[in-house]
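In what follows, a single structure is set out as C-alpha cells and then discussed.
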Amino acid sequence: MIRLQKFLADCGICSRRKAEEHILAGDVKVNNKIVTELGVKIDEIKDKVCFKNKPIKIEEKKVYIMLNKPEGCVTTAKEQFDRKTVFDYIDIKERVVPVGRLDYDTSGLLLLTNDGDLTYKLTHPKHNIKKVYIAKVLGVPNEEKLEKFKKGLVIDGYKTAPANIEILEKDNKYATLKITITEGRNRQVRKMCQVIGHKVIKLKRVAIDKINLGNLKIGEYRYLTKEEILYLKKICEKFVN
Numbered sequence: 467m468i469r470l471q472k473f474l475a476d477c478g479i480c481s482r483r484k485a486e487e488h489i490l491a492g493d494v495k496v497n498n499k500i501v502t503e504l505g506v507k508i509d510e511i512k513d514k515v516c517f518k519n520k521p522i523k524i525e526e527k528k529v530y531i532m533l534n535k536p537e538g539c540v541t542t543a544k545e546q547f548d549r550k551t552v553f554d555y556i557d558i559k560e561r562v563v564p565v566g567r568l569d570y571d572t573s574g575l576l577l578l579t580n581d582g583d584l585t586y587k588l589t590h591p592k593h594n595i596k597k598v599y600i601a602k603v604l605g606v607p608n609e610e611k612l613e614k615f616k617k618g619l620v621i622d623g624y625k626t627a628p629a630n631i632e633i634l635e636k637d638n639k640y641a642t643l644k645i646t647i648t649e650g651r652n653r654q655v656r657k658m659c660q661v662i663g664h665k666v667i668k669l670k671r672v673a674i675d676k677i678n679l680g681n682l683k684i685g686e687y688r689y690l691t692k693e694e695i696l697y698l699k700k701i702c703e704k705f706v707n
C-alpha cells in the first residue's frame, strides 16, 4: 500500500506537495471515484488511478536530466502567454518535472526527473540543499552589507536563512558575486540583493550542492551520471519522508 500523493509523485506527475493540492482540488480518481482526502492509501497494482481523467501508472524507468536553462523561458509545462518553456529544450519520451524552479530571467542549472521521491526531498524547505548562483549586480557591496546578507535579510515579511556571499570581480559600476543559499523562495536572490541596495543585472545558477553545471552549453541538456544520481540520493538519505 502507498499514499496517493506519493503514487502521483512516483508516476512523474508532480512533486508530493503539488500532488496534495491536486487531490484537494478533486483532480484525482481512485477506481472511478474522486478522492479529496490526503490520507488515502492505494494498492499501486490493483487500484486504478486517474489524474484529470487520464489513467496513470508508476514510471518504470527513472530519468534524471540537467538542463542549462536559458534566460527568457519559464519552468512550466504549459505557458498561457505563449513564451518558451524549459520543455522546448528537451527531447525525451519520458515525462519529467522540474526539481524546483528558475525565474523567467534567470539562467543556469535546472534538474528534471520523474523520480517524485527525490524531487520532494530536494525541494523541501527543511532539507537545506545548497544552491549556488553567480550574480552580476549594480554597484559594489561593502563589508557591512555583505555581513548583513550572510546573517539573513527580511524579504516579503520573513527573514531568510543565513547565506554565503563573496565578491568575485568588481569595477567602478558592477560587481560579480557568488551567492549560496539553502532556500528556494520566489526570486529570493534578487530580492536579497535589492534589500542591500544592489539590483541584479544578470543571474545564473551554477550548482545544486556538489552537482555542477560544468561546461554544459546554454539551452543544452544531459543525463546525470550514475555517480551524480547516487550522490543526490545519498544526501537525501537523512531526510524523513
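Per our numbering, the sequence shown starts with residue 467, numbered consecutively. Beta carbons: idealized from backbone N, C-alpha and C, even for Gly. All of these numbers come straight from a predicted model, not from anything done at the bench.
Short Cβ contact (8 angstroms threshold) for residue i with residue j
i    : j    : result
E510 : I524 : yes
I522 : C477 : yes
V661 : I621 : yes
V666 : L575 : no
L578 : V563 : yes
V540 : D513 : no
Minimum C-alpha distance to residue i - residue among the options
i    : options                : result
R567 : T551, R561, D557       : T551
R688 : V506, V501, N534, I621 : N534
N580 : C539, K528, N652, R469 : K528
T646 : Y640, L612, L474, Y624 : L612
R561 : S573, T542, F615       : T542
K592 : E649, P607, R653, K700 : E649
F517 : P536, R653, G663, I489 : I489
Exposed unless 16 or more other CB atoms sit within 10 angstroms - verdict on residue i
i    : result
V494 : buried
G582 : buried
R549 : exposed
K559 : exposed
Coil, strand or helix - residue i by DSSP
i    : result
K535 : strand
L575 : strand
F615 : helix
T642 : strand
R651 : coil
C516 : strand
K700 : helix
Y555 : helix
L634 : strand
Between the segment 497-515 and the segment 633-641, do at least 3 Cβ pairs fall closer than 8 angstroms?
no
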